[in-house]
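Quick notes on the structure that follows.
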Amino acid sequence: MVAPMTAQPPLIRTAAPHTHNPAPVNPPKILVRDINVFYGAKQALFDVTLDIPGKAVTAFIGPSGCGKSTFLRCINRMNDTIPGCRVDGRIEMDGENVNDSHIDPVVLRAKVGMVFQKPNPFPKSIFENVAYGPRIHGIASSKSDLEGIVEASLKKAGLWTEVSDRLHQPGTGLSGGQQQRLVIARAIAVSPEVILMDEPCSALDPIATAKIEELIDELRQQYCIVIVTHSMAQAARVSQRTAFFHMGKLIETGSTEEIFTNPRESRTQDYITGRIG
Amino acid sequence: MTVLIALALLAAFSAGVYLLGRRRAVVLADGKSASLHSLPGYHGTWVALWAGVPAALIVILFAIFGGRLEDAALRAQVPAAVAALDAERQEVFWSDAGAMSRGQTPSEIGYVGDLKTALDAKAAEGRRIAAIGLIAVLGLSGVLALCGVLLAYPRLSKDFRARNRVEGWTNVLLIACSTIAVMTTLGILLSLVWESYRFFQSVPPADFLLGTAWDPQIAMRSDQVAAEGAFGAVPLFAGTFLIMLIAMAVAAPIGLYSAIYLSEYAGPGLRATIKPLLEILAGVPTVVYGFFAALTVGPTFRAFFNWVGGFLVGGPMDSLGQYLETVQNQMALTAGVVMGIMLIPFVSSLSDDIINAVPQTLRDGSYAMGATKSETVKRVILPAALPGVVGALMLAVSRAIGETMIVTMAAGLQAKLTANPLDTVTTVTVQIVTLLTGDQEFDSPKTLAAFGLGLTLFTVTLALNIVALGIVRKYREQYD
Ligand SMILES: Nc1ncnc2c1ncn2[C@@H]1O[C@H](COP(=O)(O)OP(=O)(O)OP(=O)(O)O)[C@@H](O)[C@H]1O
Ligand SMILES: [Mg+2]
Chain A
2 MVAPMTAQPP LIRTAAPHTH NPAPVNPPKI LVRDINVFYG AKQALFDVTL
52 DIPGKAVTAF IGPSGCGKST FLRCINRMND TIPGCRVDGR IEMDGENVND
102 SHIDPVVLRA KVGMVFQKPN PFPKSIFENV AYGPRIHGIA SSKSDLEGIV
152 EASLKKAGLW TEVSDRLHQP GTGLSGGQQQ RLVIARAIAV SPEVILMDEP
202 CSALDPIATA KIEELIDELR QQYCIVIVTH SMAQAARVSQ RTAFFHMGKL
252 IETGSTEEIF TNPRESRTQD YITGRIG
Chain B
3 MTVLIALALL AAFSAGVYLL GRRRAVVLAD GKSASLHSLP GYHGTWVALW
53 AGVPAALIVI LFAIFGGRLE DAALRAQVPA AVAALDAERQ EVFWSDAGAM
103 SRGQTPSEIG YVGDLKTALD AKAAEGRRIA AIGLIAVLGL SGVLALCGVL
153 LAYPRLSKDF RARNRVEGWT NVLLIACSTI AVMTTLGILL SLVWESYRFF
203 QSVPPADFLL GTAWDPQIAM RSDQVAAEGA FGAVPLFAGT FLIMLIAMAV
253 AAPIGLYSAI YLSEYAGPGL RATIKPLLEI LAGVPTVVYG FFAALTVGPT
303 FRAFFNWVGG FLVGGPMDSL GQYLETVQNQ MALTAGVVMG IMLIPFVSSL
353 SDDIINAVPQ TLRDGSYAMG ATKSETVKRV ILPAALPGVV GALMLAVSRA
403 IGETMIVTMA AGLQAKLTAN PLDTVTTVTV QIVTLLTGDQ EFDSPKTLAA
453 FGLGLTLFTV TLALNIVALG IVRKYREQYD
């Protein structure tokens with residue numbers, strides 16, 4: 002049974018509870034048109050069409066197995082690394098189709114950083130972890146330049162004060178929350194334009210989660226951020242736009258406030274109130 | 003033969019007892035097997051174990067030690083005619099008497115008079131002793147089997163914990179098996195140490211470990227008493243090391259690169275074909291590699307070097323050319339290269355496992371940073387897998403050191419202290435083989451030297467394996 006939607010108070014406090022204007026939508030950074038994804042013969046995504054604004058946080062929500070991660074991986078073509086995975090459709094970033102044959106996924110991925118569910122620092126020192134991207138892409142011109150990039154990235158990721166005295170110790174020796182901020186620093190060290198985050202806080206405790214959320218909120222001044230999350234509260238707290246996926250289809254997309262207070266689709270309503278999922 | 007028949011009979015008896023015990027349990031349960039503490043099968047098994055195992059143990063002990071007991075009983079009384087013989091002839095007499103009692107022909111037929119009567123008497127006695135022993139053992143095991151049943155069967159009841167008892171038996175059985183394995187290894191090790199000790203009594207360890215002349219026929223120093231040759235093992239160590247280096251120079255890069263190809267580049271279909279092929283290569287017996295080395299690779303190398311030598315003769319590198327023209331079929335290079343080929347599947351399948359153990363999240367992390375495949379391999383996967391790969395290579399080294407067949411067939415037998423891969427060399431294992439093949443007395447320093455070499459080899463490979471396995475294990479735990 003679905004309650005009347007209009008009269009309902011906000012289910013979850015959103016980023017801007019007192020305004021009722023939709024959050025300002027920046028010009029779209031990524032235009033997604035009719036994306037279909039297949040794993041072998043099995044179709045995982047059906048005709049997904051979506052605009053993702055720049056300098057804002059877009060949250061993907063939906064029950065497990067609905068294709069959020071699959072869709073996220075389309076944006077930086079990580080699906081190319083999965084054997085048997087086929088992607089059809091257009092994803093335009095700054096007017097260029099990333100699925101075009103002349104686009105080099107290696108170059109694309111330098112522009113589109115990714116943070117995974119489980120922190121995955123390389124078994125190298127903290128410094129080398131952050132320096133990884135600048136090294137392979139030849140970004141730093143000198144050693145001091147590289148050191149500058151590493152320091153700036155760690156500062157942006159809010160980790161500098163905690164690790165500045167042990168940059169040359171293994172990155173795997175940090176705590177889970179620190180490791181997650183380390184891989185965020187690693188991702189922003191190559192100055193990407195887009196950062197994709199696949200459940201970045203699901204392995205973290207509430208304090209570490211709060212730190213990452215704070216960080217995401219800061220990073221959105223500069224980057225286009227897409228975050229997959231299973232926490233409605235987190236989606237409400239950090240994102241300006243939300244897209245709800247269900248069974249491989251994009252059901253509804255809109256400003257976060259709208260989705261959480263006044264969803265158009267009953268399936269969205271059911272999901273955010275915990276009735277499906 | 004009798005022993006096997008006795009064991010088969012016992013097995014049949016236990017099987018019958020099993021059925022009996024099972025039926026009893028079913029009867030006890032009144033058809034409701036859930037009311038039993040243990041399933042009927044456990045009751046049957048427990049009774050069958052008591053019926054079979056102690057009796058079988060007696061039979062097996064008899065099979066192992068019976069012969070010796072009978073022999074001792076036979077020799078307890080020495081006939082006067084035999085006592086007059088010298089010790090060596092006495093031995094011959096006893097073994098002939100034993101042979102005749104078993105219905106075989108004696109090795110010597112020159113027995114006359116008293117000796118002949120004594121031999122016949124002893125042969126008859128031997129037959130008698132064997133018959134008594136057999137009957138005693140069969141009787142004893144039969145009684146044990148019956149006692150087992152009679153004692154165990156009445157204890158079956160509804161609440162009898164047959165399941166736990168059978169568990170206890172299983173436990174004992176497993177412990178016995180692992181004890182046998184450990185004891186055998188220990189026994190081999192002890193005999194190795196003991197014989198080496200005897201060797202080192204006649205050849206000082208320093209001469210053995212540091213001497214540079216290996217010739218087990220000629221005396222090393224005229225004042226040395228027992229030694230009949232030179233036992234300086236350094237040329238053997240050097241030869242082993244040289245061939246191992248060549249083998250690893252072939253196996254390490256090729257094995258490692260093919261492992262990288264298999265785990266990172268090859269598609270699942272290709273991988274499914276190549277990996278079994280490589281594993282077939284690992285199953286080829288080394289003697290096959292040996293004649294491949296001796297008949298194909300050796301002559302090819304020789305022809306090649308002779309051909310190169312032909313060009314150099316008369317030129318500025320005349321002496322090198324002269325040398326190359328004299329290169330023979332047997333050389334360290336052939337043995338090393340073929341051994342390297344033999345080790346490729348070993349290295350590649352171990353490294354492949356290790357590379358596969360590097361978590362996928364690290365690869366994803368690297369690809370997501372915009373790294374190419376080879377950058378990911380070079381900068382993330384190999385550094386992460388390095389300790390494990392080093393361990394795999396060390397295991398390969400210890401196999402290279404222990405390999406015998408290829409070297410015997412391809413590198414020659416001459417102990418030379420040289421670093422020239424085109425020369426013939428010999429290795430520790432090959433020398434052990436040559437020392438022990440053919441007719442040998444087993445207490446001359448020449449044969450005992452084999453144990454000295456064996457012990458050295460054992461120590462080195464053991465140390466290598468321990469270190470390597472330690473590294474591999476530590477690496478495996480790293481991602482758990
Ligand atoms: N590598 C793969 N091979 C085959 N099928 C896959 C693969 N990855 C995902 N799928 C399938 O695609 C569908 C979408 O999976 P996806 O991982 O995108 O879901 P998700 O929304 O991220 O779920 P979760 O919230 O549990 O992470 C699922 O049905 C899944 O089984
Ligand atoms: Mg997912």
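In order, the protein sequences belong to chains A and B. Following our numbering from start to finish, the first sequence increments by one per residue and tops out at 278. Following our numbering from start to finish, the second sequence increments by one per residue and tops out at 482. Glycine is no exception: its CB is placed at the ideal position from the N, C-alpha and C atoms.
- Within the chosen limit of 7 Å, ligand 1 does not reach the beta carbon of ALA244(A) with any heavy atom.
- Ligand 1 approaches HIS231(A) closely enough that one of its heavy atoms is under 7 Å from the residue's Cβ.
- Assignment of alpha helix (DSSP H) within the stretch 346-371 of chain B, counting only whole runs of 4 or more residues, yields 362-370 in chain order.
- By the Cβ neighbour-count rule, THR439(B) is exposed, with fewer than 16 other Cβ atoms within 10 Å of its own.
- Contact check between the stretch 61-70 of chain B and the stretch 173-191 of chain B: fewer than three CB pairs, one atom from each, fall below 8 Å, which does not count as touching.
- With a cut-off of 8 Å on Cβ pairs, the stretch 258-278 of chain A is not in contact with the stretch 88-96 of chain A, counting fewer than three such pairs.
- If you look at THR210(A), you'll find it in the alpha helix (DSSP H) that goes 207-220.
- ASP354(B) does not reach chain A, its nearest Cβ partner there being about 17 Å away, counting only Cβ pairs nearer than 9 Å.
- Residues ILE383, ALA386 and ALA387 of the same chain have their beta carbon placed closer than 6 Å to that of VAL360(B), with the five preceding and five following residues left out of the count.
- Relative to the non-hydrogen atoms of ligand 1, the Cβ of CYS67(A) comes within a distance shorter than 7 Å of at least one.
- Placement of the Cβ of GLY63(A) at a distance of less than 7 Å from at least one heavy atom of ligand 1 is found.
- Under DSSP, the beta-bridge partners assigned to ILE36(A) are VAL49(A).
- When Cβ-Cβ separations below 8 Å define contact, TYR133(A) makes contact with chain B.
- The shortest CA-to-CA distance from GLY150(B) to any of VAL19(B), GLY241(B), ILE276(B) and GLU266(B) is the one to VAL19(B).
- Using a Cβ-Cβ cut-off of 9 Å, PHE123(A) is close to LEU364, GLY367, SER368, ARG381, VAL382, PRO385 and ALA386 of chain B, given in chain order.
- According to the DSSP assignment, THR257(A) belongs to the alpha helix (DSSP H) that extends over 257-262.
- Short of 6 Å from the beta carbon of SER143(B), and not among the five residues preceding or following it, lie these beta carbons of its own chain, in chain order: ALA57, ILE60 and VAL61.
- Using a Cβ-Cβ distance cut-off of 8 Å, the stretch 44-53 of chain A and the stretch 68-77 of chain A are in contact, since at least three pairs of beta carbons, one from each stretch, lie closer than that value.
- Chain-order list of chain B residues neighbouring ALA111(A): MET371 and GLY372, by C-beta distance under 8 Å.
- Between PRO64(A) and chain B, the shortest Cβ-Cβ separation is not below 8 Å.
- Here THR242(B) is buried. Its C-beta has 16 or more other C-beta atoms within 10 Å.
- DSSP lists VAL33(A) as the beta-bridge partner residues of ILE92(A).
- For HIS45(B), the enclosing alpha helix (DSSP H) has its first and last residue at 42-77.
- Between the beta-carbon of GLN181(A) and that of PRO201(A) there is about 6 Å, and that keeps the pair under the 8 Å contact cut.
- Residues of the stretch 387-419 of chain B with a C-beta less than 8 Å from any C-beta of chain A: none at all.
- Using beta-carbon distances, MET94(A) does not count as an interface residue toward chain B, since no partner is under 8 Å.
- In chain order, TYR40 and ASN80 place their CB closer than 6 Å to the CB of CYS86(A), counting only its own chain and leaving out the 5 sequence neighbours on each side.
- By the Cβ neighbour-count rule, LEU251(A) is buried, with 16 or more other Cβ atoms within 10 Å of its own.
- It is roughly 39 Å from the alpha-carbon of PRO318(B) to the alpha-carbon of VAL430(B).
- Judged by their CB atoms, ALA234(A) and THR257(A) are not nearer to each other than the 8 Å cut-off.
- Taking GLY134(A) as the centre and dropping the five residues before and after it, the same chain places the C-beta of ALA190 and VAL191 closer than 6 Å to its C-beta, in chain order.
- The residues ARG78 and ASP81, in chain order, have a CB closer than 6 Å to that of PRO106(A) in the same chain once the five nearest residues on each side in sequence are set aside.
- Take ASP48(A), set aside five residues on each side of it, and the residues of its chain with a beta-carbon closer than 7 Å to its own are ASP35 and ASN37, in chain order.
- Using a CB distance cut-off of 8 Å, ARG182(A) does not count as an interface residue toward chain B.
- CA-CA distance, ALA204(A) to LYS157(A), rounds to 21 Å.
- Going by DSSP, THR243(A) is part of the beta strand (DSSP E) stretching over 242-247.
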